[in-house]
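Take a look at the structure set out below.
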Amino acid sequence: MTTIAYKSIGINAGHGYTKVAGITSDGRMVEVRLPSQLSPASAVVTGAISMRRQIYVGGNGFWVGEDASGANPRTDLTQGRLDDPVLIPALVRKGWALLGSELAPNGFYVSCLPATWAMDQALCGKLAGKLRYAGVDRANSIRIIPEPLGLAYDQLLDVHGQSSSTFAALEHGIILVVDIGHNTLDFIVLNRMVPMADSLESYGLGTSGALNMIRARLSARYDRPFSVYETDLAIRSGSVMVAGQARDLYDGWDAPIGVLANDIVATLASTIKSGAQFDAILIGGGGAELGQITTAIRDRYQHAIVVEDPQGAIARGCAKLGARLAAKHAA
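In full-length UniProt numbering, the protein residues as written are 1 to 331.
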């Protein structure tokens, strides 16, 4: 593999997908993402001409990401994932492999946790420890931030960590950032670029509940099991594979998403009322790729902005902050 020099790496080991973004020394953003799932690798069948790549943690081999599909994959949506000796290190190592690096790239690392988790220094320390165990060298700094802050920095900073001209007007305003994740719905408020600690909120309104309901309905409808990853692909494409044939999803399959959208808007309404106190509301996270949810939010809040490629925004923002911190460290 060709070695690429990075100045910063952003890691969002999300509950649904793991996103890794690196900013190269010449200012290019490189991104990869994979389902946050793994399974123990089984023995290789004699005569096989194709094999899944194994990721090793603690001397044991695992299939990670898409390679774990259909192999009884596991994940963890709880804080227990920060105590799991395998899950996060395996996901991160797979991300590095997809970036084209056998070992942890050098650079300034920024990773993230759900909003209220990130206020607990013990949890931040556990995540940093998992990154060290995965292979981040002691010479490379690690910073842990709230996930919605990464979303904000993707919009407010460029690849050099400097203020972005795209949203320059928001530097002096008050912004609400809404991260619709797989497990949680997170808020943070930035006032003239300063994060307000008392604004951090996390709600159990991620997309996982709706996803699991749709998964169960698809399995019953088409008489075949669906993994969470396959269900996510079905939602994005509007079709499923049944007996080798693509089948359009039936009418009403997305009803659980509509219910979730209403719950999210109701939570926003009870929390921020009219939202007129904000100059803008930035919407991101994997759930922001679901049109029913973002349409419902924008119907209520006309100044809401859905960021570009919302699923990858947090990792990119982490990388951009890393570039900013690396530049300050070098000065």
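All residues carry an ideal CB built from backbone N, CA and C; glycine is no exception. What you are looking at is a predicted structure, and each value in this text was computed from that prediction instead of being measured.
Apart from the five residues just before and just after N191, which ones in its own chain have a Cβ nearer than 7 Å to its Cβ?
In the sequence shown, residue 191 corresponds to position 191, counting from 1. Counting only Cβ-Cβ distances below 7 Å, and skipping sequence neighbours, we find I174.
If distances are taken between C-alpha atoms only, which option among T267, R217, R132, I281 comes closest to G204?
Mapped onto the sequence shown, residue 204 falls at position 204. The residue with the shortest Cα to Cα distance from G204 is T267.
Counting only runs that start and end within the segment 88-133, where is the beta strand (DSSP E) found for 3 or more residues in a row?
Taken in chain order, the whole beta strand (DSSP E) runs of length 3 or more contained in the segment 88-133 are 108-113.
Could you check if N262 is buried or exposed, using at least 16 other CB atoms within 10 Å of its CB as the buried criterion?
By one-based count along the sequence shown, residue 262 stands at place 262. In this structure N262 is exposed. Its beta-carbon is surrounded by fewer than 16 other beta-carbon atoms within 10 angstroms.
Taking all protein chains shown into account, do 16 or more other C-beta atoms lie within 10 angstroms of the C-beta of L103, making it buried, or fewer, making it exposed?
Counting from one through the sequence shown, the residue named residue 103 turns up at place 103. L103 is exposed by the Cβ-count criterion.
Would you kindly work out how many angstroms separate the C-alpha atoms of T75 and T184, rounded to a whole number?
Locating residue 75 in the sequence shown gives position 75, counting from the first residue. Locating residue 184 in the sequence shown gives position 184, counting from the first residue. Those two C-alpha atoms are separated by around 15 Å.
If you follow the alpha helix (DSSP H) that R143 is part of, which residue opens it and which one closes it?
Numbered from 1 along the sequence shown, position 143 holds the residue referred to as residue 143. Here R143 belongs to no alpha helix (DSSP H); instead the beta strand (DSSP E) covers 142-146.
Given this structure, state the Cα-to-Cα distance separating H4 from A21, to the nearest angstrom.
Taking the sequence shown and counting its residues from 1, the one referred to as residue 4 is at position 4. Taking the sequence shown and counting its residues from 1, the one referred to as residue 21 is at position 21. Reading off the sequence, residue 4 comes out as Ile, not His. Separation of I4 and A21 (C-alpha to C-alpha, rounded to the nearest whole angstrom) is 13 Å.
Which runs of the beta strand (DSSP E) fall wholly inside the segment 235-263 and span at least 3 residues, in chain order?
Listed in chain order, they are 239-242, 245-248.
Decide yes or no for the touch test of the segment 134-149 against the segment 110-124: beta carbon pairs closer than 8 Å, at least 3 of them.
A contact exists between the segment 134-149 and the segment 110-124.
Decide yes or no for the touch test of the segment 79-90 against the segment 55-71: beta carbon pairs closer than 8 Å, at least 3 of them.
Counting Cβ pairs under 8 Å, three or more are found: they touch.
Taking the continuous beta strand (DSSP E) assigned at T18, which residues delimit it?
The residue given as residue 18 occupies position 18 in the sequence shown. That run of the beta strand (DSSP E) goes 17-24.
Going along the chain, which unbroken runs of the alpha helix (DSSP H) with 4 or more residues stay wholly within the segment 186-244?
Segments of the alpha helix (DSSP H) lying fully in the segment 186-244: 208-222, 228-237.
Return yes when the Cβ of P310 is within less than 8 Å of the Cβ of A296, no when it is not.
Translated into positions along the sequence shown, residue 296 becomes position 296. Translated into positions along the sequence shown, residue 310 becomes position 310. The Cβ atoms of A296 and P310 lie no closer than 8 Å to each other.
Below 8 Å on the Cβ atoms is my contact criterion, and I expect L290 with V307 to pass it. Report the Cβ-Cβ distance as a whole number of Å.
The residue you call residue 290 lines up with position 290 of the sequence shown. The residue you call residue 307 lines up with position 307 of the sequence shown. With 8 Å as the limit, L290 and V307 do not qualify as a contact, their Cβ atoms being about 14 Å apart.
Buried or exposed: which applies to R52, given that a residue is buried once 16 or more other Cβ atoms fall within 10 Å of its Cβ?
Here residue 52 corresponds to residue number 52 of the sequence shown, with the count starting at 1. With 16 or more Cβ atoms within 10 Å of its Cβ, R52 is classed as buried.
On the three-state DSSP scale, how would you describe V177?
In the sequence shown, counting from the first residue as 1, residue 177 sits at position 177. Strand.
Could you give the first and the last residue of the continuous alpha helix (DSSP H) run that contains A313?
One-based indexing of the sequence shown puts residue 313 at position 313. From DSSP, the alpha helix (DSSP H) with A313 extends over 313-330.
G322 classed as buried or exposed, judged by whether at least 16 other C-beta atoms fall within 10 angstroms
Working through the sequence shown from its first residue, we reach residue 322 at position 322. By the 10 Å Cβ count, G322 comes out buried.
In this structure, what does DSSP give as the bridge partners for R300?
Along the sequence shown, one-based indexing puts residue 300 at 300. For R300, DSSP assigns no beta-bridge partner whatsoever.
C-alpha gap between residue 341 and K328, whole angstroms
A question about residue 341 goes unanswered here, because the residues of the chain that appear run from 1 up to 331.
Quick one: Cα of P73 to Cα of Y222, how far?
In the sequence shown, residue 73 corresponds to position 73, counting from 1. In the sequence shown, residue 222 corresponds to position 222, counting from 1. Roughly 21 Å between the two C-alpha positions.
Three-state secondary structure assigned by DSSP to G65:
Here residue 65 refers to the residue found at position 65 of the sequence shown. Helix.
With distances taken from CA atoms, which of L325, D137, L260 is nearest G181?
For the purposes of this step, residue 181 is taken as residue 181 along the sequence shown, with counting starting at 1. Of the candidates L325, D137, L260, the one whose C-alpha sits nearest the C-alpha of G181 is L260.
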